[in-house]
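Chemist: So the protein sequences, as listed, match chains A and B. Numbering-wise (our numbering), the first sequence opens with residue 27 and increments by one. Numbering-wise (our numbering), the second sequence opens with residue 88 and increments by one. Ideal placement from N, C-alpha and C gives every residue a C-beta, glycine not left out. The model shown is predicted, which means the values in this text are computed figures rather than measured ones. The structure's right below; bear with me while I get my questions together.
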Amino acid sequence: SVLFMGGDTYDISVDPSGRVVMQSMAKEGIRMTQAFQFYKGAEGNNMVFSNRSSGAYIFRPNVTRSIDFTYTGKFKIFKGPLVEELHLTINEWVSEVVRVYAGEDRIEFSWLIGPIDVNDKIGKEIITKYTTNLESSGEFYTDSNGREMLKRQRNKRPTWNLHLQEPVAGNYYPVTTKISMKDGVRQLRLAVLTDRAQGGASLEDGEIELMVHRRLLKDDAFGVEEALNETAYGTGLVARGEHTVIFGSDSNEFRLHEKKEATRLALRPWIFISPVENISYDDWK
Amino acid sequence: NKKINKFREAMGIMQHHDAVTGTEKQHVANDYSRILSNSMRDGNELCSDNLRNMMKKKENSDSVEFHSCLQLNISSCEHTENNKNFVVTLYNPASQSLSTYVRVPVKGASYSVKDYLGKELVTQLVPIPASVSKIPGRQSLAVHDLIFLAREIPALGYQSYYVSEKTQEEEIQSDEPIEENQ
């Protein structure tokens, strides 16, 4: 069976723990893994700050590190003239398709999460984590409403001395279309482009994580008086979305490439279908 | 304008911080979805009317319907699954021309895709993952995504492709390699 995909730019496969592993000799030797993980949502009586629950208004994990999923799934690779695809199933409710299109210098992660299992009565906040060999020195960049990129520094604020109460949530920032980081020494850059607004952070050097779905079981007492526990068809909500990962040397053409890809993701063509059962091609033409 | 106003009202309502962040009650969130999906439906009718007006041959353009499939992201579209011949029209909202890969869910085993010049495009069929097939509420019989490359869709313009399912004999005859589009 085929174990690698990625056209002539990337070597993409899956390791025994279900992480997607990507090597790219054509890209200055950047190595990256992608994995889904989750945080357990904090649950408290909301009487005092330290007992706040995680909910619609606040992200408050009750662990300081994200937790790996047990990989009980499998993967298959499909190759063809236009696209190579890796179909990866992690478990009953976490799966994704990794795509590399012919002639496109990007990797597409089409993730599918849900219904999030809460039979253990624990709310969960699902992230996807991209881990690379870049030395990002505690810095990363997030966009501001699809426009300028704002520099972020782990455990710091630009205008006051921060005493961080929440080591994870305190480092999460809003991402509308893009989160990126760079290796100043090797002059390399990696950007993750999102198809919707998400929370994102870089909690370790060389790492970027984005929160893709949440299901919590207790209201966080900020006013809505409902747990963030959205359902559809009688079960937990299923979310499907897309990340595009691009990386390369930290140059102007790379930034232009980043901008074009972000526009492409945000402003896609509208597709219309017209049944023409009894109209031949020549008549239609 | 009436149809566009619905979109305007929807965007007006959803300036509220609850709509932006998702801190509204569940039934309010459901109502936002209802308002947006009604607006998308009206927007689809508006675009269809405009596309029909842009078509050259007036006499038969009234008969052509343009349908949006809002669940293409979970590979579900009744119009591509239940018709052997259909036209895919792409409207490019960006101010630069755009080339993009198109994916539509289909039931058949082999398809031909032609552009408006009659050139047959390279296509590829990829199986729809099992995890997508079992999404609650997804009603689709499609087993593959049909993929082709739409080149150079004009800025703020559209491009159409004629898709037809190949019969068994056609499939056998056409096993010569399709000339690669330069």
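1. Return no unless some Cβ of chain B is closer than 8 angstroms to the Cβ of A/H269.
2. Please list the segments of the alpha helix (DSSP H) lying wholly inside the segment 258–301 of chain A, counting only runs of 4 or more residues, in order along the chain.
3. In chain A, what lies closer than 7 angstroms to B/K194 by C-beta?
4. Identify, in the order they occur along the chain, each residue of the same chain with its Cβ nearer than 6 angstroms to the Cβ of B/Y248, setting aside the five sequence neighbours on each side.
5. Taking just the CA atoms, how far does B/L133 sit from A/N304?
6. Just tell me which of B/Y119, B/K194 and B/N88 has its CA closest to the CA of B/G99.
7. At 9 angstroms on the CB atoms, spell out the chain B contacts of A/K353, in chain order.
8. So is A/S300 in contact with chain B if we call contact Cβ pairs under 8 angstroms?
9. Decide if the segment 276–293 of chain A is in contact with the segment 225–244 of chain A; the criterion is three or more beta carbon pairs, one per stretch, under 8 angstroms apart.
10. Does DSSP put A/D3 in a helix, in a strand, or in coil?
11. How would you call A/W186, buried or exposed, if buried means at least 16 neighbouring beta carbons within 10 angstroms?
12. Between the beta-carbon of A/G140 and the beta-carbon of A/A253, is there less than 8 angstroms?
13. Could you have a look at B/I265 and say whether DSSP puts it in helix, strand or coil?
14. Report the option in A/I299, A/P42, A/A247 and A/G249 whose CA atom is closest to the CA atom of A/G99.
15. How big is the Cα-Cα spacing for A/L214 and A/I56?
16. Can at least three beta-carbon pairs, one atom from the segment 239–247 of chain A and one from the segment 210–224 of chain A, be found at a separation below 8 angstroms?
17. Tell me whether the beta-carbon of B/K171 lies closer than 8 angstroms to the beta-carbon of B/S251.
18. Looking at A/L263 and A/T270, is the spacing between their C-beta atoms short of 8 angstroms?
19. At 3 residues or longer, what runs of the beta strand (DSSP E) sit wholly inside the segment 71–134 of chain A?
20. Grab me the residues of A/S163's own chain with a C-beta within less than 7 angstroms of its C-beta, minus the 5 sequence neighbours each way, in chain order.
21. At 9 angstroms on the CB atoms, spell out the chain B contacts of A/D266, in chain order.
22. Would you say B/E230 reaches chain A, if we count a Cβ-Cβ gap shorter than 8 angstroms as a contact?
23. Cα separation between A/N71 and A/D246?
24. List, in chain order, every chain B residue whose beta-carbon is nearer than 8 angstroms to that of A/F104.
25. What is the residue span of the alpha helix (DSSP H) that B/G130 lies within?
26. Quick one: what's got a C-beta closer than 6 angstroms to A/I148's C-beta in the same chain, skipping five residues either side?
27. Do you know whose CA, among B/I222, B/D129, B/H154 and B/G244, lies nearest B/A181's CA?
28. Considering B/G99, what are the terminal residues of the alpha helix (DSSP H) in which it resides?
29. Counting pairs of Cβ atoms below 8 angstroms between the segment 293–309 of chain A and the segment 95–113 of chain B, do you hit three or more?
30. In angstroms with no decimal places, state the Cα-to-Cα distance between A/R212 and B/A116.
Modeler: Answer, in terms of the structure:
1. Using a CB distance cut-off of 8 angstroms, A/H269 does not count as an interface residue toward chain B.
2. Counting only runs that start and end inside the segment 258–301 of chain A, the alpha helix (DSSP H) elements of at least 4 residues fall at 278–292.
3. Per Cβ cutoff of 7 angstroms: no residues; B/K194 is ~14 angstroms from chain A at best.
4. Excluding sequence positions up to five before and after B/Y248, its CB lies within less than 6 angstroms of the CB of V175, V200 and D202, all in the same chain and listed in chain order.
5. Here the alpha carbons of B/L133 and A/N304 stand approximately 25 angstroms from one another.
6. Comparing Cα-Cα distances from B/G99 to each of B/Y119, B/K194 and B/N88, the minimum goes to B/Y119.
7. The shown model of chain A, from 27 to 311, leaves out residue 353 of chain A, and the question about it has no answer.
8. Nearest CB-CB separation between A/S300 and chain B: below the 8 angstroms threshold.
9. Verdict: no, contact absent.
10. Only positions 27 to 311 of chain A appear in the structure, and residue 3 of chain A is not among them; the question remains open.
11. Flag for A/W186 reads exposed.
12. Their beta carbons are not under 8 angstroms apart, which means A/G140 does not touch A/A253 by this criterion.
13. With a pLDDT of only 44 at B/I265, under the threshold of 50, the placement of this residue in the model should not be trusted, and no figure is reported.
14. The residue with the shortest Cα to Cα distance from A/G99 is A/P42.
15. One C-alpha to the other measures close to 8 angstroms.
16. No, the segment 239–247 of chain A is not in contact with the segment 210–224 of chain A.
17. Yes, Cβ-Cβ distance for B/K171 and B/S251 is below 8 angstroms.
18. Cβ distance not < 8 angstroms, so A/T270 and A/L263 don't count as in contact.
19. DSSP assignment within the segment 71–134 of chain A yields the following whole beta strand (DSSP E) runs of 3 residues or more, N-terminal first: 100–105, 109–117 and 120–127.
20. Excluding five sequence positions before and after A/S163, the CB atoms of its chain that fall closer than 7 angstroms to its own CB belong to G210 and D231, given in chain order.
21. Before going on, a small fix: residue 266 of chain A reads as Arg here, not Asp. Taking a Cβ-Cβ threshold of 9 angstroms, the residues of chain B close to A/R266 are N160, I161, V219 and I222, in chain order.
22. Contrary to the premise, residue 230 of chain B reads as Val rather than Glu in this sequence. No, no contact with chain A.
23. For A/N71 and A/D246, the gap between their C-alpha atoms comes out near 9 angstroms.
24. Per Cβ cutoff of 8 angstroms: V213 and P214.
25. Run containing B/G130: Q113 to M141, per the alpha helix (DSSP H) assignment.
26. The residues are K66.
27. For B/A181, the nearest C-alpha among the options comes from B/G244.
28. Where B/G99 is concerned, the enclosing alpha helix (DSSP H) starts and stops at K89 to I100.
29. With the cut-off at 8 angstroms, the segment 293–309 of chain A and the segment 95–113 of chain B do not touch.
30. If I take the Cα positions, the gap works out to 46 angstroms.
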